[in-house]
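In the numbering used here, the protein residues as written are 8 to 325.
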């Protein structure tokens, strides 16, 4: 960068907010750090990374003990400048240094994934743009393989150009039980990302049915609608919630005292599976009644289902 001061001014418009960015130069093999001067505990340095043909991306730039909310990256998408011009409809402008690197975006983002394994919780979230859909599934699998706890994707469509956003984290998955006095949502959902080619939505649907049958619930698979209808007794709901709390919580005792089991209704719900993009499924749960026999149990059941399915179908989670 010839004039890093100009970038520093732009980033320092809001007092009290700090950020850093690195600009890579593959020709000279260096990384230039630009941005405002943050407090000592947020300052970064540049250096040459090891085991990679280009300059450092995260490792060698972030100091030990530094903590950031997120990092984001608009990677060089192409391996050669000739490759950048193959599709005039979706081509984007930029210098060779900005658009090209050895191995293209796949190698560049893979390096970020490798760096994230070493830095782990130095960042709450690691994010990058992805220019090719074919690379997205491969990168998602790599992220699960290195032990990430959360992976998210999104799609950006501007005119004729389509890009994807990829984010991952190593933070512990949040596990919350909804208190009895909090109104519970009647629908919940989660994404299964990074499925292998031979794993279908119907395979996941069958595992959903098995999950509920194993807990003693009544379940019926509808292959035409790709859903499973489930009925759990009030006693089963109370038992599930009790196992999720320490020594049987006050919430469980309160429910039993105020709502005798012979007056509680069964809980009915429906779980559906939807194909999103190849390798990605949406699993959605819907309560089929307004009154919930045991508050909080729907969230607990759906959280357990998410863990079971990810453990079975996502590489690196097992």
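Don't be surprised by glycine CBs; every beta carbon is placed ideally from N, CA and C.
The structure presented is a predicted model; accordingly, all values stated were derived computationally and were not measured.
- Closest by C-alpha distance to residue 238, out of 141, 305, 107 and 315, is 305.
- Residue 227 has 236 as its beta-bridge partners, per DSSP.
- Here residue 177 is near residue 127, since their CB atoms are less than 7 angstroms apart.
- If you keep only unbroken beta strand (DSSP E) runs of at least 3 residues inside the region 116-194, you get 130-137, 157-165 and 168-176.
- Inclusion of residue 291 and residue 279 in the CB contact set at 7 angstroms is warranted, their separation being smaller than that value.
- If the five residues before and after residue 213 are omitted, its C-beta is found closer than 8 angstroms to the C-beta atoms of 228, all from its own chain and listed in chain order.
- Contact annotation: residue 293 and residue 277 have beta-carbon atoms nearer than 7 angstroms.
- If only complete runs of 3 or more residues are kept, the region 275-324 shows the beta strand (DSSP E) at 287-294, in order along the chain.
- The Cβ atoms of residue 283 and residue 197 lie no closer than 7 angstroms to each other.
- With a beta-carbon spacing of about 11 angstroms, residue 321 and residue 154 fall beyond the 8 angstroms limit used to define contacts.
- Contact check between the region 158-176 and the region 203-213: fewer than three CB pairs, one atom from each, fall below 8 angstroms, which does not count as touching.
- Taking 7 angstroms as the cut-off, the Cβ atoms of residue 118 and residue 157 do not count as close.
- Residue pairing of residue 196 in beta bridges, as defined by DSSP: 291.
- The three-state secondary structure of residue 84, taken from DSSP, is coil.
- Around the beta carbon of residue 79, fewer than 16 other beta carbons lie within 10 angstroms, which makes this residue exposed.
- For residue 74 and residue 130, the gap between their C-alpha atoms comes out near 6 angstroms.
- Taking the CA atoms as reference points, residue 66 sits about 30 angstroms from residue 318.
- Distance from the CA atom of residue 135 to the CA atom of residue 308, rounded to whole angstroms, is 32 angstroms.
- Non-local C-beta neighbours of residue 146 in its own chain, meaning closer than 8 angstroms and more than five positions away in sequence, comprise 113, 116, 117, 120, 137 and 173, ordered along the chain.
- In the three-state DSSP reduction, residue 78 falls in the strand class (E or B).
- Closest by C-alpha distance to residue 83, out of 219, 110 and 68, is 110.
- Our two residues, residue 81 and residue 108, have alpha carbons roughly 13 angstroms apart in a direct line.
- Residue 161 is classed as exposed because its beta carbon has fewer than 16 other beta carbons within 10 Å across all chains shown.
- Around the beta carbon of residue 71, fewer than 16 other beta carbons sit within 10 angstroms, so the residue counts as exposed.
- Per DSSP, the unbroken alpha helix (DSSP H) holding residue 221 starts and ends at 208-221.
- Residue 159 and residue 285 do not touch by the CB rule: their CB atoms are close to 17 angstroms apart, not below 8 angstroms.
- Within the DSSP bridge table, the entry for residue 68 names no partner.
- Using a 10 angstroms sphere on the CB of residue 243, the tally of other CB atoms reaches 16 or more, which defines it as buried.
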